[in-house]
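Numbering (the numbering used here), first residue to last: 2 to 312.
Just so you know, even glycine gets a beta-carbon here, dropped at the ideal spot from N, CA and C.
This one's a predicted model, so the numbers in the text were calculated from it and none came from an experiment.
Take a look at the structure set out below.
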């Protein structure tokens with residue numbers, strides 16, 4: 002894994018590699034979901050982040066809703082979501098409208114994520130729980146995965162910060178999602194540049210605490226490639242996730258949303274993603290999805306796309 006790759010010269014100034022081009026899907030698939038989302042005044046990370054897989058996921062009965070408005074209090078350099086110090090006031094009917102959309106779309110598996118709301122006392126923890134309750138009131142059989150921020154901020158004292166983070170995390174886990182997801186995003190060396198406001202150790206600590214508080218709820222995390230990381234650093238990040246008890250992992254290619262975002266340093270080849278998937282499986286991850294177009298919620302409702310390692 003550490004020797005130079007024969008694909009290492011595939012640079013972003015070249016044409017987008019063939020493996021990153023995919024059809025947007027049928028117009029009907031997109032228009033149906035987009036119409037319901039727009040009518041409900043809702044946000045999905047599928048649309049806000051211009052996910053290349055959204056038509057496929059919509060057709061499969063899955064979607065990822067973005068809670069807490071469309072403005073994030075963090076300024077991560079990779080993310081398409083709008084940033085601002087003055088986020089939108091909370092919508093008291095958001096949970097009900099999300100639940101109505103889930104019912105109207107006939108979704109079987111829902112991922113709930115949220116913009117970082119460092120301005121709120123609970124950092125948005127109850128955004129997840131109220132929305133989960135509203136969805137289950139309409140259909141208790143819908144499976145709900147959560148993809149949360151780190152619930153950190155507003156504390157200069159480390160001990161007080163950890164206690165507050167633990168309390169917010171407990172609030173979400175007590176609502177019993179089918180999976181708890183928090184993305185590490187990138188390797189340790191690049192955290193400060195990529196994830197402004199978040200830290201490597203804090204994210205690993207959140208995942209570790211989730212395992213401690215709710216050992217029966219699977220934990221999950223994701224990595225983006227193409228920001229200047231090395232293969233050795235990616236493997237180190239996967240090992241750190243396993244040490245934190247993380248059981249599921251997604252690995253995908255970073256695509257630059259605009260010129261205001263971090264540039265792509267390299268496009269990793271599908272064979273390299275396959276090799277990293279093999280490594281993740283060997284490290285003991287129970288669910289592994291590794292490929293150029295893989296995103297945090299891609300095929301979230303399905304088992305790993307890799308056969309189990311023989312015992």
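Leaving out five residues before and five after residue i in sequence, what residues of the same chain have Cβ atoms less than 6 Å from its Cβ?
i, result
"residue 125", "69, 115 and 118"
"residue 199", "151"
"residue 21", "293"
"residue 135", "96, 97 and 100"
"residue 311", "For residue 311, the predicted model reports a pLDDT of 37, less than 50, meaning its position is unreliable; a value from the coordinates is still stated below. Here the set comprises nothing."
"residue 242", "222"
"residue 247", "208, 220 and 222"
"residue 91", "none"
Just to confirm before moving on: does the CB-CB distance between residue i and residue j stay below 8 Å?
i, j, result
"residue 225", "residue 280", "no"
"residue 235", "residue 188", "yes"
"residue 287", "residue 274", "no"
"residue 253", "residue 205", "no"
"residue 249", "residue 221", "yes"
"residue 195", "residue 146", "no"
"residue 207", "residue 170", "yes"
"residue 297", "residue 227", "no"
"residue 229", "residue 192", "no"
"residue 64", "residue 133", "no"
Can you have a look at residue i and say buried or exposed, based on whether 16 or more other CB atoms are within 10 angstroms of its CB?
i, result
"residue 202", "exposed"
"residue 282", "buried"
"residue 160", "exposed"
"residue 89", "exposed"
"residue 245", "buried"
"residue 216", "exposed"
"residue 183", "buried"
"residue 164", "exposed"
"residue 138", "exposed"
"residue 232", "buried"
"residue 303", "exposed"
"residue 102", "buried"
"residue 122", "exposed"
"residue 148", "buried"
"residue 17", "exposed"
"residue 67", "buried"
"residue 272", "exposed"
"residue 186", "buried"
"residue 94", "exposed"
Output needed for residue i: all residues of its chain with C-beta closer than 8 Å, excluding positions within five of it in sequence on either side, in chain order.
i, result
"residue 218", "174, 177, 178, 179, 180, 181 and 211"
"residue 237", "188 and 189"
"residue 143", "103, 108, 109, 110, 111, 136 and 137"
"residue 156", "162 and 165"
"residue 167", "210 and 214"
"residue 326", "This structure cannot speak to residue 326, because the chain is shown only from 2 to 312."
Output needed for residue i: all residues of its chain with C-beta closer than 7 Å, excluding positions within five of it in sequence on either side, in chain order.
i, result
"residue 277", "235, 252 and 291"
"residue 255", "79, 225, 226, 227, 228 and 265"
"residue 285", "243"
"residue 214", "170, 171 and 174"
"residue 140", "104"
"residue 131", "96"
"residue 153", "162, 166 and 203"
Cβ-heavy atom distance between residue i and the ligand GTP below 7 Å?
i, result
"residue 157", "No copy of the ligand GTP occurs in the structure displayed, which carries no ligand at all."
- Please specify which runs of the alpha helix (DSSP H), each continuous and at least 4 residues long, are wholly inside the stretch 207-268, giving them in chain order. Every alpha helix (DSSP H) stretch that sits fully inside the stretch 207-268 and reaches 4 residues is listed by chain position as 232-244.
- Within the stretch 97-161, note down every full alpha helix (DSSP H) run reaching 4 residues or more, in order along the chain. Every alpha helix (DSSP H) stretch that sits fully inside the stretch 97-161 and reaches 4 residues is listed by chain position as 126-139.
- Task: Pick out the complete beta strand (DSSP E) segments inside the stretch 269-300, 3 residues or longer, and give them in chain order.
- Result: Annotation: the stretch 269-300 contains the following complete segments of the beta strand (DSSP E) (minimum length 3 residues), in chain order: 288-291.
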